[in-house]
Structures are given as C-alpha cells and as structure tokens.
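Visitor: To convert, take the position in the sequence shown, counting from 1, and add 49; that gives the working numbering. Ideal placement from N, C-alpha and C gives every residue a C-beta, glycine not left out. All of these numbers come straight from a predicted model, not from anything done at the bench.
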Amino acid sequence: MTEAGAALVDEIGFEQLSMGLLAERLGVRTPSLYRHVASQADLAHRIAVLAMTELADAVRDATQGRSEKEALAAGAHAMRTYVLIHPGRYAAGNAAIVTGPEDPLVPAVGRVLESWTAMLHGYRLDPDQSVHALRMLRSTLHGFAALEAIGSFQLDTDLDESFSWMLDFIDQGLRARRPDPLPAR
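The structure is reproduced here in structure tokens:
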C-alpha cells in the first residue's frame, strides 16, 4: 500500500493525498485501507521513509567509487533525477517529522546523510566544517531540484547548463574551504 500511495503522490502531488483517492486507485473501499495503516498521517510517514531510503540508495550508488567533483556531480544528478521522477514522495520525505528514536525515518535519513558525508570526505574539509557543508549541499540541491520539479525556472537559459554552473561553484567553494586548498582541476 505504501508503494501505491507513493505512486499516487508522484502523480497528484503530496498535498493532494487522501485515503479516498488511494482507495479509489486500489479499487477498494476507504475503510479497508485502515487494516494496513493507522491513518493518512501514518501512510504519509511510510511514504517519507520509502522516499528517503530510495534517495539514499540513488546517491550512494551514484557516488560510489568517485571522489571530489566527480562524486559531487554524480550524487547531485542522482538527487535531481530522483526529485524530478518522484516529486510527491520527495515532498513527503521533506515534510516528515521524526516521531522518536525508533522511527524508521531516522535510519533512512541517516543513510542519505552518510552518502553525502562520504562524498564530502574526498574534499578533505576540516571536520567541524562538515555540518555546514552538508547544510549548504542540501539547501542548494533541494532548492534547484524542487524549483525545477514545479516548473519555476522561467528564463530561456538551459537548465542543465545552470545545474553544471552551480556544481562548479559548489566544487570551487568546497575546495576553497580545505585547510590546504588544491588548485581546481
């Protein structure tokens, strides 16, 4: 049922999720859904866990065996692609709130952070800069992908060109923050 809900929110938008629409999609009566989930909030939370798990896998697989700018670009493209293909479930992942230490969202989000942290390791940043770098990456990549997903970029300039420009900018910034900066390649 989580998969069906995730597919539905990718089509109609996370904000439009309702148990009635999901029941209609599945060809069942709405009350029968409650045998599988406690509430619409429970379903939304399950979709969020699925989304963060899928995103973690995509970023990990893309960055594995790569370093620095190559890993940054691969992970960023993986995230951008995920958001464009799965906008509803990605929105669910961003809307979810951790309910406690046993919440399955905790390890799912942790895996996303681990993938980005591993990618950043190649930049040899001072360890106390890692959280700042992670926040910058999340904010920048999320902003670009989320705006693209809703069609907010109106200028005629090619989006792929803008995305590459942004990645070059991030790469240069990360290199400049090293204790011993190396020249750009």
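1. Alpha carbon to alpha carbon, how far is Thr79 from Gly159? Give it in angstroms, no decimals.
2. Under a Cβ-count criterion, where at least 16 other Cβ atoms within 10 Å of its own Cβ denotes burial, should Gly200 be classed as buried or exposed?
3. Since Glu163 is in the alpha helix (DSSP H), which residue starts that stretch and which ends it?
4. Which residue wins for smallest C-alpha separation from Tyr172, given the options Arg115, Met101, His85?
5. Over the uninterrupted alpha helix (DSSP H) stretch that includes His85, give me the two end residues.
6. Pop quiz: Ala127 and Val108 are said to be a contact at Cβ under 8 Å. What is the actual Cβ separation, rounded to whole angstroms?
7. Give the secondary structure of Arg129 by DSSP, where H, G and I count as helix, E and B as strand, and everything else as coil.
8. DSSP three-state label for Pro176, please.
9. Ile146 lies in the alpha helix (DSSP H); which residues open and close that run?
10. How many Å lie between Gln178 and Asn143 at the Cα?
11. Can you tell me the Cα-Cα spacing of Pro58 and Ser213, whole angstroms?
12. Kindly give me the distance between the Cβ atoms of Arg95 and Thr51, rounded to whole angstroms, as I take these residues to be in contact under 8 Å.
13. Check the C-beta distance from Glu197 over to Leu208 and give it rounded, since I have them as a contact under 8 Å.
14. Using the C-alpha atoms, what's the distance from Thr148 back to Met68?
Guide: Inspection of the coordinates gives the following:
1. 34 Å
2. exposed
3. 154-170
4. Arg115
5. Taken as a continuous stretch (DSSP letters only), His85 belongs to no alpha helix (DSSP H), as it is neither H nor E.
6. 5 Å
7. helix
8. helix
9. Careful: Ile146 lies outside any alpha helix (DSSP H) and carries neither H nor E.
10. 24 Å
11. In the sequence as displayed, the identity of residue 58 is Val instead of Pro. In a straight line, the C-alpha of Val58 is about 29 Å away from that of Ser213.
12. 4 Å
13. 6 Å
14. 21 Å
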